[in-house]
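Going by the numbering used here, the sequence shown opens with residue 7, and the numbers climb by one from there. Here is the structure we will look at, set down as structure tokens.
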Amino acid sequence: MSRPDLQPSWLRSFLEVSRYASFSEAAKHLGLQQSTVSQHVQRLEKALGQRLLLRTTHNVVLTAEGAAARELCLQALAAHDSLGNHFARLARRQRIRLGISEDFALLSLSDVLRSFGRHYPEVDLELTVGLSQALYEGFDAGKLDVIFAKRRQGDRRGDTAWRERLVWVGRPELRLDPALPVPLIAYPPPSVTRSFAIDALNGAGRDWHLVCTSGSLSGIRAAALAGMGVAAHSPRLVPTGLAIVDAKSGLPELGEVEFVVLGPGRGQVVANGLIDVLLTHIGRG
């Protein structure tokens, strides 16, 4: 036996009639013609195969089946409305796809996300943490709306968050033997910091060998904490437990790098709001 297909409008009309004990009052509150309300109730009774209301000249009362149907209709409409409201809220929400350099993510990202959530509670964030080159590629492919990364060589887009000279970082008590090749810890190519490190060492005529390559800052940090070697890094974002290697170590000076924020441009209110939050918390300079 097939189940009856019950329309929400039938249920609403039935509930309003049972509430006011009047077809005319129900029609008034529903904004419908009385004949439409009566038709809804008749269709509901036919679909259920039960008499739900007893109509008299002066009154409308629920039958036993109508009383049971009333409770079930209330539950059914509550579920129906909850479903509709849930997806209506989702439709009103916006989504921003944010790409963040791994250097920044472990140290300062939580403050940015907290501030953005306070200013834009109706916006959902889709967060990608990765190497700068991958973030640029995602941005150019339209897969990311806003990115915070090290400036790519030759790419002048974006707002500069800050500019600084990279430093060598490693385990605090690490001592390098100047007679031996420099043990280098680096991201895989095409990493900005890797290129700066190798260019500096080659330019200074220092031998070096790659002791560890990792695609994550956690891996870089773990290798450095283990005393395996040194890595080129932002002095502003030195990972917990590591220290800037003393200049007396004989390591060559590294080049300058810019951290930039790229977004979609004018007219994108939420994306530009996220950029403002990033620059406010990061601080220009």
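Just so you know, even glycine gets a beta-carbon here, dropped at the ideal spot from N, CA and C.
Separation of residue 281 and residue 228 (C-alpha to C-alpha, rounded to the nearest whole angstrom) is 31 Å. Take residue 10, set aside five residues on each side of it, and the residues of its chain with a beta-carbon closer than 7 Å to its own are 53 and 54, in chain order. Sequence-distant partners of residue 176 (beyond 5 residues in either direction) whose C-beta falls short of 6 Å from its own C-beta, in its chain, are 230, 236 and 251. The straight-line gap separating the alpha-carbon atoms of residue 38 and residue 129 is approximately 38 Å. By the C-beta criterion, the segment 99 to 106 is judged not to be in contact with the segment 28 to 43, since fewer than 3 inter-stretch pairs fall below 8 Å. Going by DSSP, residue 18 is part of the alpha helix (DSSP H) stretching over 14 to 26.
The beta carbon of residue 287 lies closer than 8 Å to those of 114, 117, 118 and 121 in the same chain, with the five residues before and after it left out. Around the CB of residue 72, 16 or more other CB atoms lie within 10 Å, so the residue is classed as buried. Here residue 286 carries a helix assignment [DSSP, helix/strand/coil]. For residue 123, the secondary structure class from DSSP, reduced to helix, strand or coil, is helix. Given a length threshold of 4 residues, each whole run of the alpha helix (DSSP H) inside the segment 44 to 110 is given here in chain order: 70 to 98. Going by beta carbons, residue 158 and residue 142 fall inside the 9 Å limit.
Annotated three-state conformation of residue 156 is strand, per DSSP. Residue 144 and residue 268 have their C-alpha atoms some 12 Å from each other. Residue 132 is classed as exposed because its beta carbon has fewer than 16 other beta carbons within 10 Å across all chains shown. Rounded to the nearest angstrom, the gap between the Cα atoms of residue 197 and residue 137 is 7 Å.
Residue 217 and residue 140 have their C-alpha atoms some 23 Å from each other. Below 8 Å, enough C-beta pairs join the segment 59 to 68 and the segment 16 to 28 to call them touching: three or more. The beta-bridge partner set that DSSP reports for residue 166 consists of 266. If only uninterrupted beta strand (DSSP E) runs of at least 3 residues are considered, those enclosed by the segment 197 to 225 are 214 to 219. Between the alpha carbons of residue 213 and residue 181 lies a distance of about 16 Å.
Between the segment 73 to 92 and the segment 185 to 193, the count of C-beta pairs closer than 8 Å stays below three; the two stretches do not touch. Here residue 179 is exposed: its Cβ has fewer than 16 other Cβ atoms, across all protein chains shown, within 10 Å.
Using a 10 angstroms sphere on the CB of residue 50, the tally of other CB atoms reaches 16 or more, which defines it as buried.
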